[in-house]
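FYI, in this note's numbering the residues of the sequence shown are 596 to 1085.
Ideal Cβ placement from N, Cα and C applies to all residues, glycine included.
Here is the structure we will look at, set down as structure tokens.
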Amino acid sequence: MSEPTKASSGTRNPRDHSHHSVDGRPLSHHSATSLDDHHARSHHSDTGGANGHTHSDLPFDGHIHTYIPDMDEDRIYMDYNATTPLEPQVIQVVTEALHEAWGNPSSTYTPGVKAKKIITQARENVARMVGGKADDIIFTSGGTEANNLVFHSALEAYRESCRTAEQRGERHRHENSSTSAWPLPHILVSNVEHDSVRLTAEHLLKDTTADVTSVAVSKVTGRVEVEDVLAAVRSSTCLISIMMANNETGVLMPIRELCQRIRFVNRQRQHRILLHTDAAQAIGKVRVDARDLGVDYLTVVGHKFYAPRMGALYVNGPGTTTPLYPMLFGGGQERNFRPGTENTPMIAGLGKAAELVNSNLTEYETHMLDTRDYLEKQLEAVFGRERIHFNSHFPDSETLPNTCNMSILGPGLQGRKVLASCRRLLASVGAACHSNRGDRPSHILLSCGIPEEVAANALRLSVGRGTSRDEVDLVVEDLKNAVERLEELN
Ligand SMILES: Cc1ncc(COP(=O)(O)O)c(C=O)c1O
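Structure representation (structure tokens):
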């Protein structure tokens, strides 16, 4: 491993994140294990707020030069699967929209027309990013809402399908039932879904609104296997919701193959099975094409690809080809599927971030892959192969280019302890929404077959578009020192 050096702001690679405080505050070295108190907002690294520049003074060249104020100078952020800072260009369009496109997009005078135009453009950009048509995009507050909208729609569609069948005088064809009543709708998810899917499904089950099967991922591949999903399908199955990429392991799920098989199954069924993938972690890291995948619904989460806290749901022909039932009722926006006066500035930001993904995905992907692979190589070089276990390595499984989930083996080296002992690294032990799980190992890693004592030591390091090799060196050095300190205590 090359000797880690502390890069000064003058010598940092222009792609690097800068870690200089806005007001030149002295640096503290307290530890932190979550991003909650380190909200990542971004400015230009070379000319940040300390020099009196605002974002709009800055030249934008399509690359991220993220400046993260409120973050101690020496901190290095490697938790991009939890959230991402905003691209400077995104901040620029959000700010412009706040100033200039404040009108109600439904109004016919200039500020309203301007807002509408921005929304139309953003919809086109997001559609292009996920391989859909503009009309297939419904803006939502975020991924949680989009996922809930899918579940709600699938249940309504099943009920509608039962009503229609009844009107036709059909009885249900249920394999094990002696009654003519329609069975509860059945939903299939994997056992490694994000909480916005897992808990929605659990709630429906508890409420006896739906039956739910949680299909276990393979302990060999870390993936949901298509055959296992097919084996769990019932005559009452109305929805299969499987994430495109797991947020802790980065493992990519076989969505395309699953859709192909289900399309065939659907030909012979009374109730259509709808297919949903939550692509929160995949977008901006790998190519995502809803039509090529063959899904009915696909969730878009802005804050995972340098956009604001804003989301969207791709629906293949909403209300025509694919059922979509609103959860909210109101002023008719989003063609009544998700009414409420549009959040023009955040939609503008989402659209700009999508445009950047459309133009630069290959570059982002190549850079993240190179950086992640370098990180793994350096970890092995410093700790030795026998001391590092990569929880994100599974034979024959493809993974996201940016995610390294690993454990440094040994007693007293639980992930939380190691992170708390680090002076630079900002990362996590797993999904941010599980940060209240105390010292219990990640259920996702356990589900993937990682032994309990290994999972207990897990750290999820996720690199971003601007993470540099210099930063990787500093982080590996930081981890080495943290482990040495902990071992002295043991
Ligand atoms: C896979 C996945 N789905 C959904 C979400 C939730 O998205 P949001 O935070 O926009 O509600 C996240 C984000 O944490 C996620 O990682």
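Where does residue 704 fall in DSSP's three states? As a position in the sequence shown, residue 704 is number 109, starting the count at 1. Three-state result, residue 704: coil.
Looking only at C-alpha atoms, which of 861, 899, 819 and 754 sits nearest to residue 737? On the sequence shown, residue 737 is found 142 positions in, with the first residue counted as 1. Comparing Cα positions, the closest option is 899.
Three-state class that DSSP yields for residue 861 in the structure shown: Within the sequence shown, residue 861 is the residue found at index 266, counting from 1. Of the three classes helix, strand and coil, the one that applies to residue 861 here is helix, per DSSP.
So does the stretch 864-874 actually touch the stretch 923-934, counting three or more Cβ pairs closer than 8 Å? no
Just mark residue 745 as buried or exposed, buried being the case when its beta carbon has 16 or more other beta carbons within 10 Å. Position 150 of the sequence shown, counted from the start, is the residue given in the question as residue 745. Burial of residue 745 is indicated by the presence of at least 16 other C-beta atoms within 10 angstroms of its C-beta.
When burial is assigned at 16 or more other CB atoms within 10 Å of the CB, is residue 709 buried or exposed? Start at 1 with the first residue of the sequence shown, and residue 709 comes out as number 114. With 16 or more Cβ atoms within 10 Å of its Cβ, residue 709 is classed as buried.
Within a Cβ cutoff of 6 Å, which residues of the same chain sit near residue 840, ignoring the five residues on either side of it in sequence? Along the sequence shown, one-based indexing puts residue 840 at 245. Correct list, in chain order: 847, 876, 877 and 995.
Going by beta carbon distance, what residues of the same chain come within less than 6 Å of residue 723, once the five residues before and after it are set aside? Locating residue 723 in the sequence shown gives position 128, where the first residue counts as 1. 953.
Can you give me the Cβ contacts of residue 781 inside the same chain, cut-off strictly under 6 Å, excluding the 5 residues immediately before and after it? Locating residue 781 in the sequence shown gives position 186, counting from the first residue. Result list for residue 781: 806, 829, 831 and 832, in chain order.
CA-to-CA distance, residue 747 to residue 670, given in whole angstroms: Mapped onto the sequence shown, residue 670 falls at position 75. Mapped onto the sequence shown, residue 747 falls at position 152. Residue 670 and residue 747: Cα-Cα distance of roughly 42 Å.
Say the cut is 7 Å; is the CB of residue 875 nearer than that to a heavy atom of ligand 1? Here residue 875 is taken as the residue at index 280 of the sequence shown, counted from 1. Flag set: Cβ of residue 875 near ligand 1.
Sorry if obvious, but does the Cβ on residue 838 come closer than 7 Å to a heavy atom of ligand 1? Against the sequence shown, residue 838 aligns to sequence position 243. Answer for residue 838: yes, Cβ within range of ligand 1.
Span separating the alpha-carbon of residue 797 from that of residue 931: By 1-based counting over the sequence shown, the position of residue 797 is 202. By 1-based counting over the sequence shown, the position of residue 931 is 336. Cα to Cα, residue 797 sits roughly 28 Å from residue 931.
Can you tell me the Cα-Cα spacing of residue 984 and residue 693, whole angstroms? As a first step, residue 984 must be located in the sequence shown, where it is residue number 389. As a first step, residue 693 must be located in the sequence shown, where it is residue number 98. The alpha-carbon atoms of residue 984 and residue 693 are separated by roughly 47 Å.
As an exercise, report each continuous alpha helix (DSSP H) stretch of at least 4 residues that is fully enclosed by the stretch 863-947, in chain order. 885-888
Beta carbon of residue 1052 nearer than 8 Å to that of residue 1008: By one-based count along the sequence shown, residue 1052 stands at place 457. By one-based count along the sequence shown, residue 1008 stands at place 413. Going by C-beta atoms, residue 1052 is nearer than 8 Å to residue 1008.
So what does DSSP say about residue 1037, is it helix, strand or coil? Counted from its first residue, the sequence shown places residue 1037 at position 442. Three-state DSSP puts residue 1037 in coil, outside helix and strand.
Supposed close pair residue 948, residue 689 - CB separation, criterion 8 Å: What you label residue 948 is simply residue 353 of the sequence shown in a count that begins at 1. What you label residue 689 is simply residue 94 of the sequence shown in a count that begins at 1. So it is not a contact: roughly 10 Å between Cβ atoms.
Pairwise C-alpha distance: residue 696 and residue 940: One-based indexing of the sequence shown puts residue 940 at position 345. One-based indexing of the sequence shown puts residue 696 at position 101. Rounded to the nearest angstrom, the two C-alpha atoms are 8 Å apart.
Report the rounded CA-to-CA distance for residue 976 versus residue 1079, giving the unit in angstroms. Reading the sequence shown from its first residue, position 381 is the one you call residue 976. Reading the sequence shown from its first residue, position 484 is the one you call residue 1079. Their Cα atoms are separated by approximately 16 Å.
If you run the structure through DSSP and keep just helix, strand and coil, what is residue 672? Against the sequence shown, residue 672 aligns to sequence position 77. Note: residue 672 maps to strand in three-state DSSP.
Helix or strand or just coil, what does DSSP make of residue 600? What you label residue 600 is simply residue 5 of the sequence shown in a count that begins at 1. In this prediction, residue 600 has a pLDDT of 31, which is less than 50 and means its spatial position is unreliable; what the coordinates show is noted afterwards. Correct three-state label for residue 600: coil.
DSSP three-state assignment for residue 798, whether helix, strand or coil: Counting from one through the sequence shown, the residue named residue 798 turns up at place 203. It is helical.
Let me know the secondary structure DSSP gives residue 962 once reduced to three states. For this step, residue 962 is matched to residue 367 along the sequence shown. Residue 962: helix per DSSP, three-state reduction.
Taking the Cβ atom as the reference point for each residue, do residue 986 and residue 997 lie within a distance shorter than 8 Å? Here residue 986 is taken as the residue at index 391 of the sequence shown, counted from 1. Here residue 997 is taken as the residue at index 402 of the sequence shown, counted from 1. Going by C-beta atoms, residue 986 is not nearer than 8 Å to residue 997.
Alpha helix (DSSP H) segment containing residue 827, residue limits: Position 232 of the sequence shown, counted from the first residue, corresponds to residue 827. That run of the alpha helix (DSSP H) goes 821-827.
Compare the C-alpha of residue 810 against each of 794, 804, 835 and 802 and name the closest. Indexing the sequence shown from 1 puts residue 810 at position 215. The candidate whose alpha carbon is nearest that of residue 810 is 835.
At a cut-off of 7 Å, would you count residue 896 as near ligand 1, judging by its Cβ distance to the nearest heavy atom? To locate residue 896, count along the sequence shown from 1; it is residue 301. At least one heavy atom of ligand 1 is nearer than 7 Å to the Cβ of residue 896, so yes.
Residue 1019 beta carbon less than 8 Å from that of residue 1073: Numbered from 1 along the sequence shown, position 478 holds the residue referred to as residue 1073. Numbered from 1 along the sequence shown, position 424 holds the residue referred to as residue 1019. Closer than 8 Å, so yes.
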